[in-house]
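J.: Taken in order, these protein sequences are the chains called A and B.
Sequential numbering of the first sequence, starting at 1, is according to this note's numbering.
Sequential numbering of the second sequence, starting at 597, is according to this note's numbering.
All C-beta atoms in this analysis are idealised placements derived from N, C-alpha and C, irrespective of residue type, glycine included.
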Amino acid sequence: MEIETKLGPFMKSDDSTSKIMKRLLIALLPIILFSVYKNGVLLYIKGYTNFFGIFYPLIFIILGGLTSMVTEEAFLFIFKKQRGNDLIKSVISSYGFIPGLFLSLVLPINTPLAIVFIGSVVASLIGKMIYGGFGYNIFNPALVGAIFVITCYGALIGTRGGYLNRYEIDTIATATPRTNMQLVDSINYDSIIKPYGSMKDFFIGNIPGSIGETSSLLIIIAFIYLTVTKTIKWRIPLSYVGTFFLMTIIFDYIVGYGDWYIKYEILSGGLLFGSVFMATDPVTSPVTNKGQILYGMSLGFMTFLLRYLTNYPEGVMTSILFMNALVLFFDKIGSRIEYNKLYYIAFAILSICIIGFGIYVGKINVKDDEKIMSSDFAILSKKKNDGNTVYEVTQKGFGGNIKARIIFDSRNITSIEVLEQYESEDRYALIEESDYINKLLENQHDLDSVDTISSATITSSALKKMVSRTINSYVGQTGVTITNPHTEIISKNYDRDVRIYVVRTDSFGGKIDVQVVMKGNTIRTAIPINYNDTCISESKKSEYYMCPEYLEQGYINKLIINQDSLDSVDTVSGATISSKAIKDALIYMKEEGLDG
Amino acid sequence: MRGIKLEGHKDLTKDKKILIVDKPKYVYIPLICNNEEDIDIRIRKGSIVSVGSILAMDKKSNMPIHSSISGRVVDFVDKYCYTGNVVKTIQIENDFKDTKVKVTDLKEIDKYTKKEFLNILKECGIKGMGGANFPTYIKYDTKTRIKHLIINAVECEPYITADYRIVIDHAKEIIETIDAIMTINKIEHAYIAIKKNNKDIIKVLDNYLSIYPRIKIVLVPNIYPMGWERKLVNYILHKDYNMLPIELDAVVNNVSTIYAIYNALKYKMPITSRLVTIVGDGLKKGTNVDVKIGQDISEVLDILGHKKRDLLFISGGPMMGKTIEDENFVVTGNVNAILLIKNDDIDLSSTCLRCGKCTNICPAKLSPIMIKENINNVEELEKLNTLKCIECGLCSYICPAKILLREYVIRAKKNVRGE
Chain A
1 MEIETKLGPF MKSDDSTSKI MKRLLIALLP IILFSVYKNG VLLYIKGYTN
51 FFGIFYPLIF IILGGLTSMV TEEAFLFIFK KQRGNDLIKS VISSYGFIPG
101 LFLSLVLPIN TPLAIVFIGS VVASLIGKMI YGGFGYNIFN PALVGAIFVI
151 TCYGALIGTR GGYLNRYEID TIATATPRTN MQLVDSINYD SIIKPYGSMK
201 DFFIGNIPGS IGETSSLLII IAFIYLTVTK TIKWRIPLSY VGTFFLMTII
251 FDYIVGYGDW YIKYEILSGG LLFGSVFMAT DPVTSPVTNK GQILYGMSLG
301 FMTFLLRYLT NYPEGVMTSI LFMNALVLFF DKIGSRIEYN KLYYIAFAIL
351 SICIIGFGIY VGKINVKDDE KIMSSDFAIL SKKKNDGNTV YEVTQKGFGG
401 NIKARIIFDS RNITSIEVLE QYESEDRYAL IEESDYINKL LENQHDLDSV
451 DTISSATITS SALKKMVSRT INSYVGQTGV TITNPHTEII SKNYDRDVRI
501 YVVRTDSFGG KIDVQVVMKG NTIRTAIPIN YNDTCISESK KSEYYMCPEY
551 LEQGYINKLI INQDSLDSVD TVSGATISSK AIKDALIYMK EEGLDG
Chain B
597 MRGIKLEGHK DLTKDKKILI VDKPKYVYIP LICNNEEDID IRIRKGSIVS
647 VGSILAMDKK SNMPIHSSIS GRVVDFVDKY CYTGNVVKTI QIENDFKDTK
697 VKVTDLKEID KYTKKEFLNI LKECGIKGMG GANFPTYIKY DTKTRIKHLI
747 INAVECEPYI TADYRIVIDH AKEIIETIDA IMTINKIEHA YIAIKKNNKD
797 IIKVLDNYLS IYPRIKIVLV PNIYPMGWER KLVNYILHKD YNMLPIELDA
847 VVNNVSTIYA IYNALKYKMP ITSRLVTIVG DGLKKGTNVD VKIGQDISEV
897 LDILGHKKRD LLFISGGPMM GKTIEDENFV VTGNVNAILL IKNDDIDLSS
947 TCLRCGKCTN ICPAKLSPIM IKENINNVEE LEKLNTLKCI ECGLCSYICP
997 AKILLREYVI RAKKNVRGE
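1) Is there at least one Cβ from chain B nearer than 9 Å to A:Asn331's Cβ?
2) Give a yes or no on whether 9 Å exceeds the smallest Cβ distance from A:Met373 to chain B.
3) Just to check my reading of the structure: A:Phe600 and A:Ala142 have Cβ atoms closer than 8 Å, yes? What is that Cβ distance to the nearest angstrom?
4) Using the Cα positions of A:Ile211 and A:Ile20, report the straight-line distance between them to the nearest angstrom.
5) Below 9 Å between beta carbons: does that hold for B:Thr868 and B:Lys888?
6) Strictly under 9 Å for the Cβ-Cβ distance: is A:Met1 near chain B by that measure?
7) Short of 8 Å in beta carbon distance, which residues of its chain neighbour B:Tyr1004, apart from the five on each side in sequence? Order them along the chain.
8) List, in chain order, every chain B residue whose beta-carbon is nearer than 9 Å to that of A:Ile20.
9) List the residues that DSSP assigns as beta-bridge partners of B:Lys812.
10) With a threshold of 9 Å between beta carbons, is B:Ile934 in contact with chain A?
11) Report the residue from B:Ile686, B:Thr709, B:Arg668, B:Val682 whose alpha carbon sits nearest the alpha carbon of B:Met653.
12) Leaving out five residues before and five after A:Ile431 in sequence, what residues of the same chain have Cβ atoms less than 8 Å from its Cβ?
13) Say whether chain A places a C-beta atom closer than 9 Å to the C-beta of B:Asn981.
14) Touch check for the region 845 to 861 of chain B and the region 722 to 735 of chain B: three-plus C-beta pairs under 8 Å?
15) If I measure Cβ to Cβ from B:Ala1008 and keep anything under 7 Å in the same chain, skipping five residues before and after, which residues do I get?
16) Got a sec: which bits of the region 781 to 807 of chain B sit with their beta carbon under 9 Å from any beta carbon on chain A, in order along the chain?
17) I'd like to know whether the C-beta atoms of A:Leu226 and A:Thr288 end up nearer to each other than 9 Å.
18) Count the other C-beta atoms from every protein chain shown that fall within 10 angstroms of the C-beta of A:Ile224, then say buried if there are 16 or more, exposed otherwise.
19) Should A:Ser298 be listed as close to the ligand PLP, given that the test is whether its C-beta is under 8 Å from any heavy atom?
20) Taking DSSP as the reference, what is the three-state secondary structure of B:Glu1003?
21) Report yes if the CB atom of A:Ile406 is closer than 9 Å to the CB atom of A:Thr470, and no otherwise.
22) Answer with yes or no whether the minimum CB distance from A:Ser542 to chain B is below 9 Å.
23) So, is A:Pro108 buried or exposed, given that buried needs 16 or more other C-beta atoms within 10 angstroms?
24) What do you reckon, are the CB atoms on B:Asn781 and B:Lys864 nearer than 9 Å?
25) Out of A:Lys382, A:Val516, A:Glu420, A:Tyr531, which one is the CA nearest neighbour of A:His445?
26) Taking only beta-carbon atoms, is B:Cys954 less than 9 Å away from chain A?
27) Please confirm whether A:Phe245 has its beta-carbon closer than 9 Å to some beta-carbon of chain B.
28) Strictly below 7 Å CB to CB, what residues from chain B border A:Arg336?
29) Report the rounded CA-to-CA distance for A:Ser351 versus A:Ile262, giving the unit in angstroms.
30) What in chain B is Cβ-close to A:Val283, meaning under 7 Å?
31) Return the chain-ordered list of same chain residues with a C-beta closer than 6 Å to the C-beta of A:Leu597, the five sequence neighbours on each side being excluded.
32) Can you list, in chain order, the residues of the region 258 to 277 of chain A whose Cβ is nearer than 9 Å to any Cβ on chain B?
33) Closer than 7 Å by beta-carbon distance: list the chain A residues that pair up with B:Gly890, in chain order.
34) Thinking just about the alpha-carbon of each residue, which of B:Tyr787, B:Lys743, B:Cys951 is nearest to the one in A:Thr231?
35) In terms of alpha-carbon separation, which member of A:Glu488, A:Leu24, A:Ser568 lies closest to A:Ile221?
36) So, is B:Gly989 buried or exposed, given that buried needs 16 or more other C-beta atoms within 10 angstroms?
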């Protein structure tokens, strides 16, 4: 359908799509410059890179943008048979560089350039062109690329240091703040914020993270600029962050971490960058005002749930991609609500969910805490005696508190002696008859495998809890060490030019096997494959112990990067024995796993 | 408040001397231009007519169509009217005698009964001069008691200053007429809506308002489309109506219409002339021009000295006006401006980037881009309230991709109505 250009209005706003894109780039400029400073200039000053390394982040970003542009051009050339001027015109008018540019801003700095290239091709091709190009894609192209890269190459990027640049790997103990939260055993200011400096560093952006996302300050400035110049749909970031903020306040009020925690949740990860630059992508977000608010609220809601109920790290990206699929639905509501107040029900339902889930998630986290610091368990005394540690503990049982003495040698329980109990004689006899306490002793590293006594459930499970909690306390606080570990190579295979070893060493609860891939004298990867560590809880509030596999992300990478000075790498508190064992295994391999 | 501050360009004409062009050789009185359907022609070729003679009756509204000059009916010819369509007109040759139809029973303007008042409005063919051309008497012909009289002097379209000049030059007559209408219809409140930045009007009206305490000035924001009836009523009464302002016991009149009512009550004189702002790139000097109804505008343009090269010729303001293909265009009562602008290459529209600006700015709270996307899906168009569009043009104005959204919405409206 053609409409004559001689139709009015005869005044037009002087804004245009190209001006909007220009303003978007202006807003990104400080963020890109900050990244060049943080991942380039700073590394150069500290001596981690040569002069050209300063420009690495810039090359990274430009490569992303350029790849996207070329991809679109190639697509139009091959499939749309566009040639010459037409081709140039359509590439200019479709802003081909945007997907790759934004993709590079959400990727870890250690992503190999080849993968930035592949990701940009995917972003443009799968995220945009196959839908018909600019204006027709349903999903945010950059995020399509990002999810692709992280899914397919996340592990590879992880082994290269993930989100941490080389300076950060040396100066900061763990991974990004968000990954770190999965690793620590208790959440407090010292464990979450201190490793990265202070809240100020979070605000300014001196923390590990993807290239564009770390500086909250610059993102907020960009948001103000883009809102004042009417470039982005400002309702989306406002309702997105607002909803997430509200839910976090509710959560924090119930759990009681303190004000710092709310700031941490807002300033860490990709929330601000995602909400300002990704969720507002015009093509993939609602056009109606109310639809935008609903979209933002839903995004905040989903991000909150992903962050708190799962360990999945890409909460913001996933939420945005998921909500992209529902944009039409939000616009349906947004376009009808002005003349039909009935549609406000959508807001009501969403608000109830937001508040309800804020409370619910808070409540379940409080319960977890109670499990750990339950008041019905207490350590009465702890004495060291000839290398043994003697605990006297009490645990609420049937009829009254059970008192017991539990003795540890260097790492295992050697005896459990019940001093007091108030169970009826008949039932306690059942426990004694079934040799329950010995079973606990024998299976101390796998207490779950010990069945409670069916007719004396309360007391038998109380005894089990008591033992488990004592072990937890012993392991968590004593800083127990294994002296003179025995380490050996148990298998060796070749795969082309790399050697794959399995090395076994002493660790908590017995042995740990680590698969080590070496090329020449360099360790390429190290993966714990068999271990006896008891991994009771997979959540961040590990009740008992941290599984070695959770050490992978930050710690093992750090070991690999610092493989020439392994002694300088600190072990992970809360997983001292396992982390020490993995380190021992690598030290052993550096000495014994020589080529030939 | 949805709307936008536009560059006004009012200084081009607002203080310029009014050009009076009241001696045309011919006038061409349009017969069917807007709502008229069935016309009963009362004259023949050769008939002699006076100023105010009834030329024809519009059977639908039962209102007469008058001659604006005295002279002789020459022919029936086709001319362009403000809609951009070619319409049949009665061509009258001016005898320059300015003889008027004799009128009787003239009273002081506030001494008429309501029945007489309605009759005068009808017989004088008073129709809304703000643009809609809606018969004014119908607004007052209601059983419910009118409580609020709102005088629309907002004139929110850029360039146009015709209403401004009317208020400045005829403030006394306008205030007196408002007072008379209030007395005749027993209306309690009257509000004159003026843009905040129009300090001159406020100064002029202040001289009279101390004598007429029932009439108040309401200052409205300087945004487009503040003069839209629905928006204005909401701004003043803080309520919304469904179809017509009378649901809220309110009547809204354009200020030029009030001046026409003055002439009707005072002299029983129909609308024979009006002020038209003529301005634009192609003119040496733009100004307000007092033209006869039915006057061919090309004569006026010759007087104003316009260069005929590459100009778009627009009836109305830059936002809601329409291009007229030919300069042989005749003035009707609701034409408040003629705009001549350079016929530049207007930017070609590009793909919608779904920025949502059209939805955000729409004063009727519609989603123009969604209407465009569903243009052939009548069921969906109805759910999108397409018919609520007032064609203000802000969606087309704001679109960064330069998509002519209003034209799509107009077409969608036709689709909904099954036209």
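T.: The answer reads as follows:
1) Per the sequence presented here, residue 331 of chain A reads as Asp, with Asn not at that position. For A:Asp331, the answer is yes, since a Cβ of chain B falls inside 9 Å of its Cβ.
2) Low local confidence applies: a pLDDT of 42 at A:Met373 is under 50, so the model's placement there is unreliable, and no value is given.
3) Outside the displayed range of chain A (1 to 596) lies residue 600 of chain A, so it cannot be described from this structure.
4) 23 Å
5) yes
6) With a pLDDT of only 28 at A:Met1, under 50, the local geometry of the prediction cannot be trusted, and no value is derived from it.
7) Pro964, Ile967, Lys968, Ile971
8) Leu949, Cys951, Pro996
9) B:Tyr787
10) no
11) B:Ile686
12) Glu423, Ile437, Ile453, Ala456, Thr459, Ser460, Leu463
13) yes
14) yes
15) Ile967, Ile971, Leu977, Thr982
16) none
17) no
18) exposed
19) Ligands displayed in this structure: none; no statement on the ligand PLP is therefore possible.
20) helix
21) yes
22) Residue confidence is low: A:Ser542 scores 36 on pLDDT, short of 50, so the model does not pin down where it sits. Its coordinate-derived value is still stated next. No, A:Ser542 does not count as interfacial toward chain B.
23) buried
24) no
25) A:Tyr531
26) yes
27) no
28) Lys979
29) 20 Å
30) Leu949, Arg950
31) Here chain A covers residues 1 to 596 and nothing more, so residue 597 of chain A does not appear.
32) none
33) Those do not exist, as B:Gly890 stays about 25 Å from chain A at its closest Cβ, beyond 7 Å.
34) B:Cys951
35) A:Leu24
36) buried
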